[in-house]
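Quick notes on the structure that follows.
In the numbering used here, the protein residues as written are 3 to 235.
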């Protein structure tokens with residue numbers, strides 16, 4: 003596929019809206035004109051960051067800028083990668099046009115308009131996520147991870163489980179109540195019951211002990227335990 007194949011459907015689209023369409027204007031792929039309004043359309047055969055950057059630069063010339071790409075297949079259209087790129091377009095106030103190049107039916111359609119992005123509205127929709135981040139930050143004891151790490155992260159939840167495991171390591175077993183009082187953790191029952199890391203074994207009704215896996219794995223977190231217990235004790 004060539005970029006030139008995208009041109010005619012895009013031209014037809016804007017001419018259908020009473021625009022006069024011009025191609026290759028001072029290295030701009032397409033400019034649509036109606037009265038005092040100017041619209042820029044950049045054509046590319048793939049939805050890439052290079053295309054988005056090119057469109058952003060066009061915003062220095064005219065306010066309304068679209069990118070036009072071939073209509074994606076269903077799986078790609080709803081993939082996380084594609085949705086992220088669409089979000090980026092909205093965030094940058096760029097429009098998006100899909101071009102269908104079927105054997106019997108060739109057309110272009112506007113998917114996103116280059117509207118103003120309401121950042122305050124976007125943040126209000128993310129209130130729950132912000133509260134989750136704030137809660138995680140407030141429950142952590144210092145920075146015990148390295149940025150960019152994948153896999154076993156020391157989260158606030160893991161910290162709480164480590165504290166419980168550290169008390170069980172010092173005794174043969176403890177009741178849920180004893181662990182709750184010792185750790186000051188009101189989520190003790192849930193952590194022991196869910197046993198997310200496999201560190202706890204039930205020794206009786208409401209009684210827990212450290213599992214062999216827990217006894218082995220907790221040793222790797224002694225530096226974290228010392229930091230937390232040092233703060234709490």
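By construction, the Cβ of each residue, glycine as well, lies at the ideal position given by its N, Cα and C atoms. Treat the numbers as computed from the prediction; the structure is a model and nothing was measured.
Task: Nearest residue (CA-CA) to residue 216, options 81, 188, 160 - done: That would be 160, whose Cα lies nearest to the Cα of residue 216.
Task: Alpha carbon of residue 68 to alpha carbon of residue 129, nearest angstrom - done: If I take the Cα positions, the gap works out to 30 Å.
Task: Straight-line gap, residue 107 to residue 139 (C-alpha atoms, nearest Å) - done: CA-CA distance, residue 107 to residue 139, rounds to 54 Å.
Task: Touching by the beta-carbon criterion (3+ pairs, under 8 Å), the segment 204-223 and the segment 161-174 - done: Between the segment 204-223 and the segment 161-174, the count of C-beta pairs closer than 8 Å reaches three or more; the two stretches touch.
Task: Exposure label - residue 38; buried when at least 16 CB within 10 Å - done: With fewer than 16 Cβ atoms within 10 Å of its Cβ, residue 38 is classed as exposed.
TODO: Compute the Euclidean distance between the alpha carbons of residue 48 and residue 73, then round it to the nearest angstrom.
DONE: Their backbone Cα atoms lie some 10 Å apart in a straight line.
Open item on the list: For the beta strand (DSSP E) containing residue 172, name the first residue and the last one.
Closed with: Unbroken run through residue 172 is the alpha helix (DSSP H), 158-172; no beta strand (DSSP E).
Task: Where residue 54 sits in the DSSP three-state scheme - done: DSSP places residue 54 in helix when its eight states are reduced to three.
Task: Beta-carbon proximity list for residue 162, same chain, < 7 Å, skipping 5 on both sides - done: So the qualifying residues of the chain are 187, 189, 193.
Task: Distance, residue 26 Cα to residue 44 Cα - done: Take the alpha-carbon of residue 44 and the one of residue 26: they are about 10 Å apart.
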